[in-house]
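Heads up, the thing below is written out as structure tokens.
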Amino acid sequence: MNNRETLIKALLKKAGWSQAVRSPLAGDASTRRYERLKLGTQEAVLMDAPNQPDGPLLPEYNKPYSAIAHLAETTHPFVAVGAFLQAQGLSAPKLIAHDVDNGLLLLENLGDRLYGTAIDRNEGFGTATLEDIYRAALDALLVLHTAGTPGPLPLPDGSTYDVPAYDEEAMAIETELLPEWYIPAKSGASLSPQDRVAYSALWQDLFPKAACGTPVMVIRDYHSPNLLWLPEREGAARVGMVDYQDAQCGSRAYDVMSLLQDARKDVSPERENEMLAYYCAQAKADPSFDEVEFRTSYAILGAQRNAKIMGIFVRLWQRDGKPAYLAHLPRVSNYMERNLKHPILAPLKNWLDTHVPPDMRAVPLQAEE
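So for the sequence shown, this note's numbering puts the first residue at 2; every next one is plus one.
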């Protein structure tokens with residue numbers, strides 16, 4: 002029996018779940034592992050997320066990538082953020098038992114009605130249409146955005162967790178994934194140092210323009226693989242959230258964009274525009290909401306996020322041996338093209354058109370047999 006299994010058995014015994022039937026759940030691109038547990042009529046989910054060591058220092062920052070991008074390396078952020086979401090009346094899984102220091106959490110099972118399933122079928126769940134579940138996901142964000150900037154969040158041991166700011170350094174290191182991985186894969190050549198500097202300078206000009214009112218909690222991966230439909234609940238609580246350990250404080254436009262430019266599922270321009278209009282109409286209940294500012298932030302952050310994902314999907318293929326992610330690349334590239342239509346992104350579009358022209362961007366990458 003390995004050490005992780007010993008720790009898991011100790012947690013389950015302490016929680017009264019040692020006799021539960023355990024079965025694996027599909028994971029994601031992270032190092033986390035999940036199991037579904039069944040004990041009589043009760044169900045739970047085990048998250049096995051070993052603490053992650055710091056990666057190598059990046060010379061230009063003198064910090065590892067995870068520290069620059071504020072990525073969670075323990076389960077403490079997941080626990081703290083989950084409790085904050087629940088305090089707003091939102092549906093994050095309740096904590097049944099934990100060994101936070103060793104990265105083990107026993108969580109409420111929110112079921113298996115994944116948003117992605119409804120999108121694949123092009124219909125909702127039961128009497129709820131696809132439009133209904135999209136609106137509910139936006140309603141949940143409106144509740145979260147009303148909460149404003151979170152202060153220190155309590156942890157089970159009495160300490161607190163400070164939600165980091167999604168700052169310019171974090172956004173910048175993510176955009177560098179595009180010239181580092183995507184552009185060489187597309188063009189067959191690496192960029193010159195001068196071209197990299199010009200690219201970075203474009204983003205440094207854009208980041209301040211992405212601000213959008215009071216900073217709010219940003220979940221950051223608020224899209225179909227991480228959202229569940231809970232029809233037995235009411236209002237915004239009908240949306241279950243399961244991936245929020247990397248939450249940061251930033252623009253209210255970010256999670257709206259993450260939902261409506263879903264890297265894993267197609268969202269048509271028509272649905273995106275309809276749901277954007279819905280969000281803005283509801284947000285105007287707050288007199289400080291500025292729709293022009295919001296839509297500008299949405300476009301900039303959409304380009305920023307899609308630049309990151311385009312780089313990550315190529316890296317998953319070339320470095321990690323996971324070519325399946327290439328199937329999502331054309332979709333993400335299409336979202337990037339939508340964002341590049343915003344006038345504020347004209348300089349970035351010109352730079353991309355020079356180094357990876359539109360016809361080159363449109364050709365799918367194929368993994369070698």
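Quick reminder that beta carbons are idealized off the backbone N, C-alpha and C, glycines included.
For residue i, the three-state DSSP class (helix, strand or coil)
{"i": "Cys250", "result": "strand"}
{"i": "Ala21", "result": "coil"}
{"i": "Leu192", "result": "coil"}
{"i": "Val257", "result": "helix"}
{"i": "Glu177", "result": "coil"}
{"i": "Pro209", "result": "helix"}
{"i": "Ala382", "result": "This structure gives no information on residue 382, because the portion of the chain shown stretches from 2 to 370."}
{"i": "Pro65", "result": "strand"}
{"i": "Pro270", "result": "helix"}
{"i": "Lys285", "result": "coil"}
{"i": "Tyr167", "result": "coil"}
{"i": "Ser160", "result": "coil"}
{"i": "Pro359", "result": "helix"}
{"i": "Ala202", "result": "helix"}
Given residue i as reference, the closest of the options once Cα atoms are compared
{"i": "Ala81", "options": "Glu177, Pro65, His99 and Lys64", "result": "His99"}
{"i": "Pro326", "options": "Glu74, Ala368, Asp158 and His343", "result": "According to the sequence provided, residue 326 is Tyr. The question's Pro does not apply to it. Among Glu74, Ala368, Asp158 and His343, the Cα nearest to that of Tyr326 belongs to Ala368."}
{"i": "Leu145", "options": "Ile134, Gln89, Asp133 and Arg362", "result": "Gln89"}
{"i": "Arg34", "options": "Val219, Met48 and Gln43", "result": "Met48"}
{"i": "Ala238", "options": "Leu86, Ala186 and Met276", "result": "Leu86"}
{"i": "Ala328", "options": "Leu341, Ala173 and Ile313", "result": "Ile313"}
{"i": "Asp256", "options": "Gln305, Ala21 and Ala11", "result": "Gln305"}
{"i": "Glu271", "options": "Glu132, Gln319 and Thr355", "result": "Glu132"}
{"i": "Leu366", "options": "Trp182, Ala16 and Leu156", "result": "Trp182"}
{"i": "Asp113", "options": "Asn63, Ala45, Ser201 and Leu154", "result": "Ala45"}
{"i": "Val293", "options": "Glu170, Asn335 and Ile345", "result": "Ile345"}
{"i": "Asn52", "options": "Gln246, Ala282 and Met311", "result": "Gln246"}
{"i": "Asn4", "options": "Ile301, Asn103 and Gly159", "result": "Asn103"}
Buried or exposed by the 16-neighbour rule on C-beta atoms within 10 Å, applied to residue i
{"i": "Ala264", "result": "buried"}
{"i": "Ser24", "result": "exposed"}
{"i": "Gln262", "result": "buried"}
{"i": "Ala278", "result": "exposed"}
{"i": "Val198", "result": "exposed"}
{"i": "Lys350", "result": "buried"}
{"i": "Lys210", "result": "exposed"}
{"i": "Tyr62", "result": "exposed"}
C-beta contact flag for residue i and residue j at 9 Å
{"i": "Tyr116", "j": "Trp204", "result": "no"}
{"i": "Leu353", "j": "Arg362", "result": "yes"}
{"i": "Gly241", "j": "Leu38", "result": "no"}
{"i": "Gly83", "j": "Leu72", "result": "no"}
{"i": "Lys323", "j": "Asp121", "result": "no"}
{"i": "Ile69", "j": "Ile174", "result": "yes"}
{"i": "Ser259", "j": "Cys213", "result": "no"}
{"i": "Leu106", "j": "Phe79", "result": "yes"}
{"i": "Leu178", "j": "Arg316", "result": "yes"}
{"i": "Asp244", "j": "Pro226", "result": "yes"}
{"i": "Ser201", "j": "Thr176", "result": "yes"}
{"i": "Leu40", "j": "Ala11", "result": "no"}
Limits of the unbroken beta strand (DSSP E) element including residue i
{"i": "His99", "result": "Leu96 to Asp100"}
{"i": "Ala45", "result": "Gln43 to Asp49"}
{"i": "Lys39", "result": "Arg34 to Leu40"}
{"i": "Gly241", "result": "Val240 to Met242"}
{"i": "Val333", "result": "Counting along the chain, Val333 falls outside any beta strand (DSSP E), though it belongs to the alpha helix (DSSP H) covering Leu330 to Leu341."}
{"i": "Glu109", "result": "Leu105 to Glu109"}
{"i": "Leu228", "result": "Leu228 to Trp230"}
Residue i: first and last residue of the uninterrupted alpha helix (DSSP H) it sits in
{"i": "Leu317", "result": "Glu292 to Gln319"}
{"i": "Trp352", "result": "Ala347 to His356"}
{"i": "Leu366", "result": "Here Leu366 belongs to no alpha helix (DSSP H), and DSSP marks it neither H nor E."}
{"i": "Val80", "result": "His77 to Ala88"}
{"i": "Leu12", "result": "Asn4 to Ala16"}
{"i": "Tyr245", "result": "Per DSSP, Tyr245 belongs to no alpha helix (DSSP H) and is neither H nor E."}
{"i": "Ile120", "result": "Tyr116 to Arg122"}
heavy atom of the ligand PLP below 8 Å from residue i C-beta
{"i": "Ala202", "result": "The model depicted lacks the ligand PLP and carries no ligand whatsoever."}
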